[in-house]
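Working notes, beginning with the structure itself.
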Amino acid sequence: MGSTFCQRPLLGCNSLSFQGPALHVHHGDTIYVTVHNKGRYNITIHWHGVKLTRYPWSDGPEYITQCPIQPGGKFKQKVIFSSEEGTLWWHAHSDWSRATVHGPIIVYPKINGTGYPFPKPHVEVPIILGEWWKRDVMDVLQEAVITGGDPADSDAFTINGQPGDLYPCSKSETIKINVDQGNSYLLRLVNAAVNTILFFSVAKHNLTVVGIDGSYAKPLTSGYITIATGQTIDALLHANQDPNHYYMAARAFTSSPSVPFGNTTTTAIVQYNGNYTLSSSPSLPQLPYYDDTNAAYSFLSSLRSLADEDHPIRVPLNITTRVVSTLSVNALPCHRNRSCEGPNGTILAASMNNITFVNPSIDILEAYYKHIHGVYGADFPSFPPLVFNFTAEYLPLILEVSKTGTEVKILPFNSSVEIIFQGTNVVAGIDHPMHLHGYSFYIVGWGYGNFDKDKDPQNYNLIDPPFRNTVTVPRNGWTTIRFEATNPGVWFMHCHFDRHLVWGMETVFIVQDGTEARLLPPPPDMPPC
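Structure follows, in structure tokens:
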């Protein structure tokens with residue numbers, strides 16, 4: 001199966017978000033996609049949530065698994081699907097290009113397989129939640145890089161590329177979804193926003209979650225959804241209300257109002273077919289308030305893997321590799337003869353285990369495969385190098401300065417891995433959606449405050465934990481994930497807030513070859529550095 005698409009120029013104030021083509025595949029398919037870069041900037045494409053078994057060459061993050069496709073260039077990517085089913089997505093993975101270069105991936109069950117583990121919906125509807133600026137997002141990014149401060153907030157959120165009725169510029173083009181009373185609709189939700197966790201709801205309708213991040217979940221019925229940037233959710237909408245028009249809407253969730261965020265609401269309209277008297281205006285849903293932490297994590301903590309006979313799970317129990325990593329916003333000294341807009345005249349940065357990641361000049365995968373020395377180090381620490389009260393209200397300024405480097409973590413093949421993410425209050429505590437390439441993982445525990453190695457593991461869910469590729473670590477809290485390192489290659493781990501990614505909140509896992517499962521060779525047309 002082959003496909004071709006192009007990167008278009010990043011969009012400015014005269015047009016709204018570009019939602020790229022949807023890819024439709026079945027469980028276990030392999031497809032080839034040729035990416036032509038017809039834009040002005042370097043580009044790479046990442047297949048978010050696709051494990052790409054033994055083939056990280058198509059994974060996409062620039063200077064991690066490939067060098068970027070330069071303007072006028074092209075790259076034929078082999079995309080290998082394995083166990084994924086449900087909604088995933090593809091997006092650019094270079095600078096902030098993904099703000100306008102992204103689209104859904106729909107992975108259907110095997111042909112002649114068992115089908116959906118829930119009643120088949122009458123219609124399936126992709127819902128892509130995005131974020132939009134009135135100017136080129138690359139200008140927004142470059143301004144932040146030059147000043148060292150926080151990037152400008154977005155001007156709007158979008159549903160399928162449109163902000164909706166609450167914005168005069170978009171009112172006439174508000175997305176409308178027609179439904180028939182009595183039918184069910186599978187909403188395939190993607191949070192493609194650049195820097196924002198979102199609440200989502202449909203007025204006077206409940207949503208029943210049946211899938212998360214390309215895996216099936218126990219049905220969970222709720223009046224709203226919390227979805228972090230990078231995450232996907234499959235939810236059934238039953239058209240069981242009186243015929244009328246109803247708003248679906250999304251707006252930001254942030255547990256740290258002191259950190260700037262886009263305080264706007266995007267809408268689309270669910271409109272029933274048939275003849276009826278229309279209300280003067282559609283009903284708005286009752287979304288949780290923007291800083292309702294209890295609502296956000298009540299939803300997230302209620303999600304469970306389906307874990308039935310047809311969809312078994314395998315939670316690692318005997319951990320052989322344990323990593324505890326802090327997640328911090330940092331502040332680096334301002335260079336001489338420069339004015340910086342970070343705290344106290346510094347440059348904003350971010351880190352894992354006090355290391356602010358620096359991209360190398362060639363990609364790490366090539367260096368690993370060809371045994372090129374001096375590109376990266378293998379000293380990413382398994383435990384925080386600085387131990388303090390991570391979530392204290394006031395912390396010494398000396399803790400704000402991180403080290404810079406390109407350090408990776410080597411994982412033996414088939415090791416049972418546990419990662420404990422510990423959020424800190426350095427500079428500014430905030431939630432962090434952490435994404436791991438090449439794997440999905442079990443979220444076995446989470447909590448507020450500092451992780452307690454003696455007490456907290458006693459409350460782990462090892463029976464039916466959610467199976468995701470992106471996990472939200474609460475502000476000044478912790479989250480534990482587990483997975484088996486059975487996919488050899490070079491795999492990126494990072495915060496999916498793009499401002500934190502640019503600031504350096506990331507690392508790389510290199511999973512070594514097994515006896516039979518070995519890294520596959522590269523394609524002949526890898527983009528040059």
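Residue numbers (the UniProt record's numbering): 1 to 529. Yeah, the Cβ is synthetic: ideal placement off N, Cα and C, and Gly gets one too.
Cutoff 7 Å; reference Val511; Cβ partners in own chain excluding five residues on either side: Translated into positions along the sequence shown, residue 511 becomes position 511. Closer than 7 Å at Cβ, skipping near neighbours: Leu411, Phe413, Ala485, Asn487, Pro488, Gly489 and Trp491.
Coil, strand or helix - Leu141 by DSSP: Within the sequence shown, numbered from 1, the residue matching residue 141 stands at position 141. Three-state DSSP puts Leu141 in a helix.
Residues sharing a beta bridge with Val375, DSSP: In the sequence shown, counting from the first residue as 1, residue 375 sits at position 375. Its beta-bridge partners do not exist; DSSP assigns none.
Inter-residue spacing [alpha-carbon to alpha-carbon] between His91 and Phe383: Translated into the one-based positions of the sequence shown, residue 91 becomes position 91. Translated into the one-based positions of the sequence shown, residue 383 becomes position 383. Going by the C-alpha atoms only, they are around 32 Å apart.
8 Å CB neighbourhood of Pro260 in its chain, flanking five on each side removed: Position 260 of the sequence shown, counted from the first residue, corresponds to residue 260. So the list reads Asp150 and Asp153, once near-sequence residues are dropped.
Per-residue DSSP class, three states only, for Glu502: For this step, residue 502 is matched to residue 502 along the sequence shown. The sequence shown places Val at residue 502, rather than the Glu named in the question. Helix at Val502.
For His122: DSSP bridge partner residues: Position 122 of the sequence shown, counted from the start, is the residue given in the question as residue 122. In DSSP, His122 forms no bridge with anything.
Same chain only: Cβ atoms within 6 Å of Leu386, ignoring 5 sequence neighbours per side: Here residue 386 refers to the residue found at position 386 of the sequence shown. For Leu386, where only same-chain residues beyond five positions count, the Cβ hits under 6 Å are Asn354.
Ala156 versus Trp132, Thr174, Ile175 and Trp446, residue with shortest Cα-Cα distance: As a first step, residue 156 is located in the sequence shown; it is residue number 156 there, counting from the start. Cα-wise, what sits closest to Ala156 is Trp132.
Cβ-Cβ distance between Leu129 and Ile105 below 9 Å: The residue given as residue 129 occupies position 129 in the sequence shown. The residue given as residue 105 occupies position 105 in the sequence shown. Result no, Cβ atoms of Leu129 and Ile105 do not sit closer than 9 Å.
Pair within 9 Å by beta-carbon distance, Gly445 and Asp456: The residue you call residue 445 lines up with position 445 of the sequence shown. The residue you call residue 456 lines up with position 456 of the sequence shown. Closer than 9 Å, so yes.
Host beta strand (DSSP E) of Tyr442 (start-end): For the purposes of this step, residue 442 is taken as residue 442 along the sequence shown, with counting starting at 1. Element bounds for Tyr442: Phe441 to Tyr448.
Proximal residues to Asn191 (C-beta, below 7 Å), its chain only, five neighbours per side dropped: By 1-based counting over the sequence shown, the position of residue 191 is 191. Once the five neighbours on either side are set aside, the close Cβ partners of Asn191 are Leu129, Leu198, Ile227, Ala228, Thr229, Gly230 and Gln231.
Leu519 - DSSP class collapsed to helix/strand/coil: Position 519 of the sequence shown holds residue 519. The answer is coil: DSSP assigns Leu519 none of H, G, I, E or B.
Leu399 in three-state terms, based on DSSP: Residue numbering aside, residue 399 sits at position 399 when the sequence shown is read from its first letter. Looking at Leu399 - three-state DSSP - the assignment turns out to be helix.
Three-pair Cβ contact test at 8 Å for the segment 338-355 versus the segment 281-295: no
Asn294: first and last residue of the uninterrupted alpha helix (DSSP H) it sits in: Locating residue 294 in the sequence shown gives position 294, counting from the first residue. Thr293 to Leu300 is the span of the alpha helix (DSSP H), which, as asked, contains Asn294.
Unbroken beta strand (DSSP E) run spanning residue 576, endpoints: The chain is shown only over 1 to 529; residue 576 falls outside these bounds and no answer can be derived.
Buried/exposed call for Leu300, threshold 16 Cβ in 10 Å: Here the question's residue 300 lines up with position 300 in the sequence shown. Counting Cβ neighbours within 10 Å, Leu300 comes out buried, since at least 16 surround it.
Touch test, the segment 170-177 against the segment 269-281, Cβ-Cβ under 8 Å, three pairs minimum: yes
Leu207 - partner residues in DSSP beta bridges: For the purposes of this step, residue 207 is taken as residue 207 along the sequence shown, with counting starting at 1. Ser222 and Leu237, per the DSSP bridge assignment.
Nearest-angstrom Cα separation, counted from Pro61 out to His46: Residue numbering aside, residue 46 sits at position 46 when the sequence shown is read from its first letter. Residue numbering aside, residue 61 sits at position 61 when the sequence shown is read from its first letter. Going from the Cα of His46 to the Cα of Pro61 covers about 6 Å.
Coil, strand or helix - Lys171 by DSSP: The count along the sequence shown starts at 1 and reaches residue 171 at position 171. Helix, per DSSP.
Backbone CA spacing between Gly28 and Leu166 [nearest angstrom]: Taking the sequence shown and counting its residues from 1, the one referred to as residue 28 is at position 28. Taking the sequence shown and counting its residues from 1, the one referred to as residue 166 is at position 166. Rounded to the nearest angstrom, the two C-alpha atoms are 42 Å apart.
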